[in-house]
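Engineer:
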Amino acid sequence: MTNNRLLLKAGAIALVALLAFACVVPPLPPPVYDPDEVVDTGSDPDDLGLHVTVAAYNVEGFDLGGETPAGTCDGIAKALKNASVEIAAFSEVQPEDIDLLRAAFSANAYDLNHIVYSSKSDGYNSFAVASSYPILSSTEILSPSSGTWPRIVYQVRLDVGQGLALYVCHLKSGSDADSLAKRKAQAAALAEYLRDSYGVAISTASIIVLGDMNTMSDGDRSGSGNTLDALELQNDAVASNDFISLTEALLAPAEAYTWEGWVSSVWTQSALDHLVLSPGAYARYVPDSLRIWRLDPSVTMLANSDHYPVLLDISL
644 MTNNRLLLKA GAIALVALLA FACVVPPLPP PVYDPDEVVD TGSDPDDLGL
694 HVTVAAYNVE GFDLGGETPA GTCDGIAKAL KNASVEIAAF SEVQPEDIDL
744 LRAAFSANAY DLNHIVYSSK SDGYNSFAVA SSYPILSSTE ILSPSSGTWP
794 RIVYQVRLDV GQGLALYVCH LKSGSDADSL AKRKAQAAAL AEYLRDSYGV
844 AISTASIIVL GDMNTMSDGD RSGSGNTLDA LELQNDAVAS NDFISLTEAL
894 LAPAEAYTWE GWVSSVWTQS ALDHLVLSPG AYARYVPDSL RIWRLDPSVT
944 MLANSDHYPV LLDISL
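For reference, each letter of the sequence shown is one residue, going 644 to 959 in our numbering.
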């Protein structure tokens, strides 16, 4: 995990040099992906046994950030169904989108019938969780009024035959020092909340912290009190409660990107979205099931959002 972060830091330094050069280079169109060149980090769902597929997906307002007035719910529903997702945690949604999402699921014969969504804690964005399994409860925690961060964390408990708790996050974006400080503060507050809430049971409970963590700065991955260390509960002296970010631990930096787009005329890829598992959840992780759904048989994924869904399978 440490090597991945060091490699990513080196990549960030290279990117700064590239940005300096880019001011004299005209923009190029987004790359066209060749499926034969894409590393497959997943397994055939039919070979996994009894499991549930969980995804984290920043859907950019279900309208590609306002660029698609007709909305992107249908494309998102198609892609998630093609990926066999059974529990989807969304960020950047609005409550008024939920009926459109339900209609898209219905039109695609996709049975994510259990849906909960949060308030607009930052004034314009909500979270939502859609599931084919029963949702037991949903709670908004870590209100912005309790700290410096802009949004809540959305706690959702599900019945998948045994307990599963999701903590859906959308940490502050921005590469400036203030935004980094807000990410680190909310990640640390969530770690403290989890330790206080679960006590010794945190080592055995099935918990997934997931979402768009906006880990775009060196300080998100290195240095004292960095964002990922806090999200993984490594900011204490107790090793038995350490969580693990699978995209950080299992993928090389070049394979781990979950967002791409133009930055100062340079087509840029960043690993912003994470699935962070408690020890109990990691014990149920299906080996080799982590995948970033960039290529879909019927949908152009960047026409849905500037983020890609991140998926994994948990055994039941």
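Cβ atoms here follow ideal geometry from the backbone N, Cα and C, with glycine treated the same way.
Tell me the residue span of the alpha helix (DSSP H) that contains L874.
Structural biologist: Here residue 874 corresponds to residue number 231 of the sequence shown, with the count starting at 1. For L874, the enclosing alpha helix (DSSP H) covers residues 870-874.
Engineer: Expressed to the nearest angstrom, what Euclidean distance is found between the alpha-carbon atoms of K815 and T943?
Structural biologist: Residue mapping note: residue 815 aligns to position 172 of the sequence shown, counting from 1. Residue mapping note: residue 943 aligns to position 300 of the sequence shown, counting from 1. So the two alpha carbons sit approximately 27 Å from each other.
Engineer: Provide the residue span of the alpha helix (DSSP H) that contains Y810, from first to last.
Structural biologist: Within the sequence shown, residue 810 is the residue found at index 167, counting from 1. From DSSP, Y810 is part of no alpha helix (DSSP H) but of the beta strand (DSSP E) over 806-813.
Engineer: If you compare alpha carbons, which of G923, W902, M856 is closest to L871?
Structural biologist: Numbered from 1 along the sequence shown, position 228 holds the residue referred to as residue 871. Measuring from the Cα of L871, the nearest candidate turns out to be M856.
Engineer: Going along the chain, which residues of its own chain have a beta-carbon closer than 6 Å to the beta-carbon of A771, five neighbours each way excluded?
Structural biologist: Taking the first residue of the sequence shown as 1, we reach residue 771 at position 128. Here the set comprises F733, V736, Y760.
Engineer: Should the segment 910-927 be regarded as contacting the segment 715-724, the criterion being three or more beta carbon pairs within less than 8 Å?
Structural biologist: no
Engineer: Which residue's Cα is closest to the Cα of N725: L801, T696, S958?
Structural biologist: Within the sequence shown, the letter at position 82 stands for residue 725. Per the Cα distances, T696.
Engineer: If you measure between the beta carbons of L823 and G790, is that distance less than 9 Å?
Structural biologist: For the purposes of this step, residue 823 is identified with residue 180 of the sequence shown, where counting begins at 1. For the purposes of this step, residue 790 is identified with residue 147 of the sequence shown, where counting begins at 1. Not closer than 9 Å, so no.
Engineer: Enumerate in chain order the residues of its own chain whose CB-to-CB distance from D885 is below 8 Å, with the five nearest sequence positions on each side excluded.
Structural biologist: Taking the sequence shown and counting its residues from 1, the one referred to as residue 885 is at position 242. Excluding positions up to five away in sequence, the list reads E875, L876, Q877, P922.
Engineer: How many Å lie between S774 and S727 at the Cα?
Structural biologist: Against the sequence shown, residue 774 aligns to sequence position 131. Against the sequence shown, residue 727 aligns to sequence position 84. The straight-line gap from Cα to Cα measures roughly 12 Å.
Engineer: Count the other CB atoms, across all protein chains shown, that sit within 10 Å of the CB of A880; report buried if there are 16 or more and exposed otherwise.
Structural biologist: The count along the sequence shown starts at 1 and reaches residue 880 at position 237. Burial call: exposed.
Engineer: Which runs of the alpha helix (DSSP H) spanning at least 4 residues fall entirely within the segment 727-766, listed in chain order?
Structural biologist: 741-750
Engineer: Pick helix, strand or coil for I719, following the three-state DSSP scheme.
Structural biologist: Counting from one through the sequence shown, the residue named residue 719 turns up at place 76. Note: I719 maps to helix in three-state DSSP.
Engineer: Name the two residues that bound the continuous alpha helix (DSSP H) containing Q829.
Structural biologist: To locate residue 829, count along the sequence shown from 1; it is residue 186. 820-841 is the span of the alpha helix (DSSP H), which, as asked, contains Q829.
Engineer: So the beta strand (DSSP E) Y797 belongs to, where does it begin and stop?
Structural biologist: For the purposes of this step, residue 797 is identified with residue 154 of the sequence shown, where counting begins at 1. Residues 796-802.
Engineer: Tell me the DSSP secondary structure of S883 in three-state form.
Structural biologist: The residue you call residue 883 lines up with position 240 of the sequence shown. Correct three-state label for S883: helix.
Engineer: Over what stretch of residues does the alpha helix (DSSP H) that includes Y925 continue unbroken?
Structural biologist: The residue given as residue 925 occupies position 282 in the sequence shown. Here the alpha helix (DSSP H) through Y925 covers 922-925.
Engineer: So, at 8 Å on beta carbons, what are the nonlocal neighbours of V702 in its own chain, with the 5 sequence-adjacent residues on each side left out?
Structural biologist: Position 59 of the sequence shown, counted from the start, is the residue given in the question as residue 702. So the qualifying residues of the chain are T715, I719, F733, S734, E735, V736, N947, S948, H950.
Engineer: Within the chosen definition, does the segment 925-932 reach the segment 905-917 through at least 3 CB pairs nearer than 8 Å?
Structural biologist: no
Engineer: Can you find the residues in the same chain that come closer than 7 Å, C-beta to C-beta, to A657, ignoring five residues on each side of it along the sequence?
Structural biologist: Reading the sequence shown from its first residue, position 14 is the one you call residue 657. Note that A657 scores 41 on pLDDT, short of 50, meaning its location in the model is unreliable; the coordinates nonetheless yield the value given after this. Cβ within range, chain order: n/a, list empty.
Engineer: Do A830 and A873 come within 9 Å of each other at the CB atom, strictly closer than that value?
Structural biologist: Within the sequence shown, numbered from 1, the residue matching residue 873 stands at position 230. Within the sequence shown, numbered from 1, the residue matching residue 830 stands at position 187. The answer is yes: Cβ separation under 9 Å.
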